[in-house]
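Protein chains: 2
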Amino acid sequence: MAKLDFSPIADTTRRAEIVALLRRAILTGQLEPGQKLNELRISEQMRVSRAPLREAMRELVQEGILTSIPYAGTFVINVTAKDIDDAYSLNKVLDEFAIERTWKLRDQRFFDELDRRHEAVKQATRDRDTTRQIETALQLHGLIHEWADNSVLLETWQRLTSRLQMYFALHQQARKEAVPAEDVHETYVALLKGNDMRAAQRHAREHIDLDFEELLSYARDLEKRPSKGG
Amino acid sequence: MAKLDFSPIADTTRRAEIVALLRRAILTGQLEPGQKLNELRISEQMRVSRAPLREAMRELVQEGILTSIPYAGTFVINVTAKDIDDAYSLNKVLDEFAIERTWKLRDQRFFDELDRRHEAVKQATRDRDTTRQIETALQLHGLIHEWADNSVLLETWQRLTSRLQMYFALHQQARKEAVPAEDVHETYVALLKGNDMRAAQRHAREHIDLDFEELLSYARDLEKRPSKGG
DNA sequence: AAGAAGCAGATTGTCGACAATCTGACAAGA
DNA sequence: TCTTGTCAGATTGTCGACAATCTGCTTCTT
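In the order they appear, the protein sequences are chains A and B. The opening position of the first sequence corresponds to residue 2 in my numbering, with each subsequent residue numbered one higher. The opening position of the second sequence corresponds to residue 2 in my numbering, with each subsequent residue numbered one higher.
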């Protein structure tokens with residue numbers, strides 16, 4: 002028998018597909034923060050019964066991008082300036098930890114993957130595909146968390162990522178302006194390839210701060226306007 | 002009208018109660034790691050239909066203490082030495098962050114609550130109630146995370162706590178011996194009341210290491226024996 | 001005896017219908 | 001006018017039944 006490692010077969014349950022669909026709709030901002038999800042309407046649109054839809058929604062509630070009030074409904078979470086602040090300050094800590102853990106595990110495969118993801122960001126930037134730009138940038142950023150060989154860290158970061166992606170999408174949607182065309186990740190990638198771990202950690206921290214300030218200013222704008230939820 | 006702030010009414014859905022029941026069963030070790038949860042059997046025992054039970058299980062899957070394989074079943078997660086290692090190393094980082102954030106927010110209410118929880122641990126210790134001892138110790142430990150005024154941190158810590166509590170319960174169950182009767186939290190509490198933040202952070206880190214070593218030795222024992230799951 | 005094919009039982013995934021609860025409008029009374 | 005009671009419509013929560021899938025055994029073939 003040939004030595005092949007097959008990847009797991011895709012989940013063939015409706016539930017899994019619904020989760021993916023809903024998550025995408027939320028993270029891309031198609032479903033607005035605070036908006037209520039009507040079970041009957043959605044299940045009819047998707048041609049699915051309410052049972053798998055409800056199970057899917059339960060998952061997304063635990064994932065932190067939906068919130069549920071018994072007998073009232075399930076809503077897309079509201080984004081406050083404090084939420085963003087909280088997420089980012091924790092993210093800094095996780096990044097530092099991830100870099101420390103990843104550092105000794107870096108090898109050629111790591112560097113190759115780093116370049117591959119960096120290239121994906123640059124491609125999305127050239128294509129002016131802002132949604133994809135957000136996705137790829139987060140994937141580039143996530144490599145250190147995947148490589149750190151700590152399942153709990155990875156899981157935690159993925160939960161954070163959901164929100165960050167949502168925040169970025171809203172930001173981009175609100176501003177309706179192209180995200181910076183130049184490449185802001187060049188230094189980050191270079192430092193991850195280098196020999197000064199502290200410098201890489203420091204840069205990650207500062208690098209995050211830049212994006213963060215922009216996001217915060219957007220979030221503060223948001224709070225001056227009425228929202229659809231509580 | 003009198004100025005009273007009422008606390009939210011308890012969730013009255015079956016789903017919420019099922020979640021609580023199942024979580025408790027898992028965290029106290031009544032449901033063993035790797036064990037399969039038969040939906041029909043459980044729903045009959047609880048006198049509930051499978052719909053709310055399945056939704057509850059979906060929540061616990063996302064919470065990280067159950068794992069689901071389509072068309073095969075839902076199982077209690079298996080505890081490996083690496084899982085414990087991962088959880089603890091991340092916990093150290095979170096603790097340091099939590100202490101830093103909490104530090105400036107400490108007030109009389111904080112100190113009172115700290116004492117209250119410390120007292121609860123001592124009471125459970127006197128009662129030789131090991132399960133409660135685990136619960137209260139984790140609650141004492143959790144105060145800095147609750148006080149840090151960062152919802153994402155708190156959420157993350159609560160997810161970690163579930164696993165830690167499960168690990169501790171298994172540990173205690175396997176050893177069948179009383180946990181240390183003396184009070185190991187005295188220094189911790191004192192430092193949190195003091196003025197040297199760095200010292201508090203350092204102690205939290207070392208304090209965790211102690212429990213950790215014991216847990217790891219247990220986990221390594223576990224892996225030499227057959228388990229019920231994959 | 002070893003392996004493949006097929007069947008039966010058990011279990012999970014999904015469906016449609018019913019029950020419980022909430023929301024908002026409207027009417028009655030102070 | 002303001003509050004309170006009532007009710008209809010809409011929506012969520014729950015149920016029982018059916019469909020899809022898996023597992024292990026049996027049977028058949030070589």
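Note that CB positions come from ideal geometry on N, CA and C, so glycine has one too. All of these numbers come straight from a predicted model, not from anything done at the bench.
Residue i and residue j closer than 9 Å at C-beta
i	j	result
B:S163	B:R24	yes
A:I78	A:D84	yes
A:N151	B:L91	yes
B:L141	B:V80	no
A:I135	A:Q166	yes
B:R107	B:L192	no
Chain B contact for residue i (CB, 9 Å cutoff)
i	result
A:R55	yes
A:S218	no
A:P227	Annotation note: pLDDT 45 at A:P227 (below 50); position unreliable, coordinate value reported separately. Not an interface residue.
A:P71	yes
A:A21	no
A:I100	no
A:V80	no
A:A3	Legend: pLDDT at A:A3 = 42, less than 50; position of this residue unreliable, no value from coordinates given.
A:E97	yes
A:V1	This structure does not reach residue 1 of chain A, given that chain A is present from 2 up to 231, and the question cannot be answered.
A:T1	With chain A running from 2 to 231 in the structure shown, residue 1 of chain A is simply not present.
A:T68	no
A:K1	Lying before the first or after the last residue shown, residue 1 of chain A is absent from chain A, which here runs from 2 to 231.
A:S90	yes
A:R25	no
A:K83	yes
A:A52	yes
Test: residue i CB closer than 9 Å to a CB of chain A
i	result
B:N156	As written in the sequence, residue 156 of chain B is Glu, which differs from the Asn given in the question. Taking Cβ atoms only, chain A reaches closer than 9 Å to B:E156, which makes this a yes.
B:A201	no
B:E242	As shown, chain B starts at 2 and ends at 231. That puts residue 242 of chain B outside it, with no answer to give.
B:N151	yes
B:Q63	yes
B:S163	no
B:E60	yes
B:K123	no
B:G231	Confidence at B:G231 is low in this model, with a pLDDT of 33, below 50, so its placement is unreliable and no value can be given for it.
B:A205	no
B:E18	no
B:R160	yes
B:D87	yes
B:A170	no
Same chain, Cβ closer than 7 Å to residue i, five either side skipped, listed in chain order
i	result
B:E18	none
B:K232	No answer is possible for residue 232 of chain B: the residues shown for chain B start at 2 and end at 231.
B:A1	The requested residue 1 of chain B is not part of the displayed model; chain B covers only 2 to 231.
A:K123	D184
A:L32	A26 and V77
B:F232	In the structure as shown, chain B starts at 2 and stops at 231, and residue 232 of chain B therefore has no counterpart that could be examined.
A:H119	L141, H186 and V190
Nonlocal neighbours in the same chain, by C-beta distance under 6 Å from residue i, ignoring five residues either side
i	result
B:Q173	T131
A:A121	T137
A:W104	M198
B:F169	I135
B:D96	A205
A:K4	With a pLDDT of 46 at A:K4, under the threshold of 50, the predicted position of this residue should be treated as unreliable, though the coordinate-derived value follows. Nothing listed; no residue qualifies.
B:G30	A170, L171 and Q174
B:T68	F76 and I78
B:A200	L192
Residues near residue i in its chain [Cβ-Cβ closer than 8 Å; skip 5 each side]
i	result
A:P53	T14, R15, R16 and I19
B:I70	F76
B:M2	Any reading at B:M2 must be qualified, since the residue scores a pLDDT of 43, below 50, and its modelled position is unreliable; no value is offered.
B:L161	A88, L91, N92 and L95
B:L28	I66, S163, Q166, M167 and A170
Of the listed residues the options, nearest to residue i (C-alpha basis)
i	options	result
A:H146	A:L115, A:Q134 and A:G30	A:L115
B:L144	B:I43, B:A99 and B:G30	B:A99
B:L139	B:A26, B:W158 and B:R42	B:W158
B:G101	B:H119, B:L154, B:R55 and B:L22	Note that residue 101 of chain B is Glu in the sequence shown, not Gly. It is B:L154 whose Cα lies nearest to the Cα of B:E101.
A:R42	A:G74, A:L67, A:A82 and A:H119	A:G74
A:L171	A:L22, A:E45 and A:S218	A:S218
A:Q46	A:L28, A:G65 and A:L22	A:L22
B:R55	B:A82, B:S44 and B:A149	B:S44
B:E64	B:Y72, B:E156, B:R127 and B:W148	B:E156
B:Y72	B:R117, B:R118, B:S50 and B:K37	B:K37
B:E187	B:A149, B:W148, B:S50 and B:R117	B:R117
Q. Does the pairing of the segment 52-61 of chain B with the segment 57-75 of chain A give three or more beta-carbon distances under 8 Å?
A. Contact between the segment 52-61 of chain B and the segment 57-75 of chain A is present, because at least three Cβ pairs lie under 8 Å.
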